[in-house]
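Following the numbering used here, the numbering of the sequence shown begins with 27 at its first residue and continues without gaps.
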Amino acid sequence: MGLSLIPFVSRRHNTVNFFMRHTAKELWNTITAISSAGKKKGRQATRQRPRDLNRARMVGQGVFTATMPGLNTSVSPDMLAGPAIDLHEHDPEIQKKVDSFHERSTKRSKERQQIKLHPLERGFSSGKVPGQKLGAPAPIDGQTFADFESYCLEMKRTSNMTGNMGRKHSMNALMVTGNGKGTAGWAVCKAPIHQMTAAIYQARQRAASRLVHVELLEDRTIYQDFYAECRNSRIWALRRPKGFGVVAHARLMKICELVGIKDIYIKVEGSSTNYQALTAAFFTGLINQESHQRLAERMRMHVVEMSRTTHYLPKIIASPIKSDPRNDDEILPHERITLDDFYGEGRYPLSRQKPEPFWVKSQQHQHLVWANHPFRNHEDVRIRLLADSVVPRWTRTERRKYAQNLHERAMNGIVPVPSGIGLSEYKLRPQS
């Protein structure tokens with residue numbers, strides 16, 4: 027009996043394995059299943075969902091593309107005589123499409139194609155929705171809002187712990203709408219998670235149904251400085267002259283644009299990130315404003331303006347019409363206050379004095395101040411002489427003519443001779 031040099035090795039030639047004994051649904055269930063206790067704790071919302079791995083492929087596609095009559099191709103008389111299955115090389119373009127599909131499906135987050143906006147159309151932070159213009163609200167009961175504009179001031183995700191559903195998330199949107207002519211409104215709405223557009227639309231429509239009218243002074247600023255607060259946010263709104271502009275919080279600047287305020291300074295103290303509190307406080311202060319005419323009617327007094335540009339000459343702004351003004355004897359001492367103190371409620375914004383530079387107390391600077399002291403009023407005198415047309419031009423010739431004319435008038439007795447600067451008139455002692 028001869029011996030064979032080929033070693034005896036047992037090999038298994040069947041292709042049945044673990045992955046072929048179970049279906050794809052059973053295999054996916056092993057890694058995506060959630061227990062009953064996990065469902066009660068809200069883990070089902072964050073579980074990995076099954077994916078169809080054969081979604082991008084068609085029947086007959088694989089390493090070798092197979093042509094099977096009656097399954098992926100039509101049956102012809104010529105095919106009946108030949109082989110039933112025809113194998114040929116795989117098309118590389120099909121494999122590229124399959125790979126790109128699986129690459130997109132394996133990403134955790136969906137990449138949304140954002141439209142590139144103009145820098146002036148962007149929001150508070152790059153291309154995010156808060157701070158962007160979102161157009162006019164939709165008509166409500168036949169009422170259109172053609173000249174209105176809307177801004178999204180805040181978009182955030184909120185959550186609420188429930189007893190049966192676990193932690194339930196939702197989207198919260200803060201919207202402001204207005205026409206820039208004193209009419210505006212704001213609202214906050216919620217929508218289910220991943221429905222940001224629904225929250226924005228509902229908030230914009232609700233803001234359009236809650237419009238209020240704000241009276242403005244000269245259609246550009248507020249009537250009086252006011253203080254308002256909401257929760258831990260405190261604001262001081264101060265009126266400013268024409269051309270000053272809007273200096274305020276970024277969210278409050280958008281509100282001023284929709285209301286129609288062009289000149290104002292708003293100082294925020296406390297929490298500056300609670301945007302709903304800031305919006306509520308600012309709208310409360312705007313609504314509680316009192317016009318000059320209503321103030322005159324309520325106090326039975328004249329509302330008088332005294333400005334530096336008019337040398338503080340009193341100018342009557344409003345007077346009572348329905349009743350006669352009160353006399354000086356009828357006005358109490360605590361009622362003789364300015365407009366700022368009347369509405370300030372005893373509160374004033376904190377204004378720190380700017381620190382002096384380090385060189386103010388140096389010896390060189392003190393010497394410079396002492397050297398410029400005799401000329402401290404020369405600039406004011408020059409402006410006054412030019413403004414009163416005493417000197418037509420600030421030249422040596424014109425100033426010499428003015429001095430000669432003043433000297434001749436003093437010698438002729440038309441104007442008195444000056445006796446000194448800060449000195450009283452003196453008399454000569456009698457000679458003994």
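No residue lacks a Cβ here, since even glycine has one placed at the ideal position from N, Cα and C.
As the structure is a computational prediction, the values presented were derived from the model and not from experiment.
- Residue range 62-66 is occupied by the alpha helix (DSSP H) that includes Ser-62.
- As summarised for the stretch 292-356, the continuous beta strand (DSSP E) elements at least 3 residues long and confined to that stretch are 329-331, 341-344, given in chain order.
- The three-state reading of DSSP puts Ile-219 in coil, since its state is none of H, G, I, E or B.
- Around Pro-375, the same chain offers Trp-262, Lys-293 as residues with beta carbons nearer than 6 Å, after the five sequence neighbours per side are excluded.
- Considering only Arg-193, Cys-178, Ala-303, the residue with the shortest C-alpha distance to Ala-229 is Cys-178.
- Apart from the 5 residues on each side of it in sequence, Arg-236 sits with its Cβ closer than 7 Å to the Cβ of Gly-211, Ala-213 in its chain, given in chain order.
- Under the DSSP assignment, Tyr-177 falls in the beta strand (DSSP E) whose first and last residues are 175-188.
- Here DSSP, grouped into helix, strand and coil, assigns Met-197 to strand.
- Within the DSSP bridge table, the entry for Glu-255 names Arg-260 as partners.
- When beta bridges are read from the DSSP output, His-239 appears opposite Thr-209.
- Distance from Ser-176 to Gly-153 at the Cβ level is roughly 18 Å; contact not present, criterion being Cβ atoms closer than 8 Å.
- Per the DSSP secondary-structure output, Ile-290 pairs in a beta bridge with Arg-265, Val-272.
- For Val-395, the three-state secondary structure derived from DSSP is helix.
- Take the alpha-carbon of Asp-245 and the one of Ala-254: they are about 22 Å apart.
- C-alpha of Arg-77 to C-alpha of Asn-300: approximately 41 Å in a straight line.
- Apart from sequence neighbours up to five positions away, the residues of its chain that approach Arg-435 with a beta-carbon distance below 6 Å are Val-441, ordered along the chain.
- Assigned with DSSP and collapsed to three states, Lys-154 falls in coil, not helix or strand.
- Across the set Phe-171, Gly-157, Ala-164, the C-alpha of Gly-157 shows the shortest separation from the C-alpha of Glu-180.
- Scanning its chain for C-beta atoms nearer than 6 Å, with the 5 sequence neighbours on each side dropped, one finds around Met-222 the residues Met-197, in chain order.
- Under the Cβ criterion (8 Å, minimum of three pairs), the stretch 322-339 does not count as touching the stretch 258-277.
- Counting the other CB atoms within 10 Å of its CB gives Leu-312 a total of 16 or more, which places it among the buried residues.
- Contact fails between the stretch 391-408 and the stretch 267-282, because fewer than three Cβ pairs, one in each stretch, are under 8 Å apart.
- Excluding residues up to 5 positions away in sequence, Ile-60 lie with their Cβ nearer than 6 Å to the Cβ of Arg-69 in the same chain.
- Val-42 and Ala-63 have their C-alpha atoms roughly 36 Å apart.
- Val-101 carries a coil assignment under DSSP once its states are collapsed to helix, strand and coil.
- Look at Gln-169 here: in three-state DSSP terms it is strand.
- Under the three-state reduction of DSSP output, Val-285 falls in the helix class.
- The alpha helix (DSSP H) runs of length 4 or more contained entirely in the stretch 363-411 are, from start to end of the chain, 365-369, 389-398.
- Residue nearest to Arg-352 within the set Arg-326, Leu-365, Glu-382, Gly-208 is Arg-326 (criterion: CA-CA distance).
- Here Thr-423 is not bridged, per DSSP, to any residue.
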